[in-house]
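Notes follow the structure.
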Amino acid sequence: MDYVIDEDACIFQLDMVSAGSSDRLLEVTLALIAARPELCGWDWIALGEPLPDDATTEHLAHLQAAWGPPPEVEAVTVFVTHDTLLHLWARVMDFQFVRRKHLVVRELDTAYRLIERRRILRRAA
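When we follow this note's numbering, the leftmost residue of the sequence shown carries the number 923, and every step to the right adds one.
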């Protein structure tokens, strides 16, 4: 699975498609957050064009069970996809991961701008 850990920006970007399967995606993600638990408090960008078609609610349940404590401030996961229905699943994930908002955009640069805008709003609050 391809991923980028941007230490300076505290953004974790992963390419869900490059994992090949949702099982492999889960395996690598669990290993990464076990080795780097601070990633659970970072903003994430998940590239999914197309989205893996073998993902199940069990995959999310395993990820949620391994997730660390909630971040001190709300973090976001931004899915980059043209899937018009992912926003429904993203909304459900908001309830599974405390202080994490799941959003969907169509372009990678939009994901970065969205994260920056949310960070500016947090600092202003």
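All C-beta atoms, glycine included, are put in the ideal place defined by N, C-alpha and C. Here the structure is a predicted model, which means the values were calculated and not measured.
Item	Value
By alpha-carbon positions, which one of A983, D976 and F1001 ends up nearest to D937?	F1001
Report the CB separation of I1037 from V998 in whole angstroms; it is logged as a contact under 8 Å.	6 Å
For W966, which three-state DSSP category applies?	strand
Assuming T1003 contacts G970 under a Cβ cut-off of 8 Å, what Cβ separation, rounded to an integer in Å, is found between them?	4 Å
Tell me which residue opens and which closes the alpha helix (DSSP H) that R1028 is part of.	Careful: R1028 lies outside any alpha helix (DSSP H) and carries neither H nor E.
Going by alpha carbons, who is nearest to T978 out of P991, T1032, M1015 and G990?	M1015
According to DSSP, is R958 part of a helix, a strand, or is it coil?	coil
Exposed or buried, D924, counting other C-beta atoms within 10 Å across all chains shown (16 or more means buried)?	exposed
Looking at the strands, I want to know which residues DSSP matches up with V1000.	I967 and L1025
Keeping to the same chain, check which residues put their C-beta closer than 8 Å to that of A988; ignore five residues upstream and five downstream.	L952, I955 and A956
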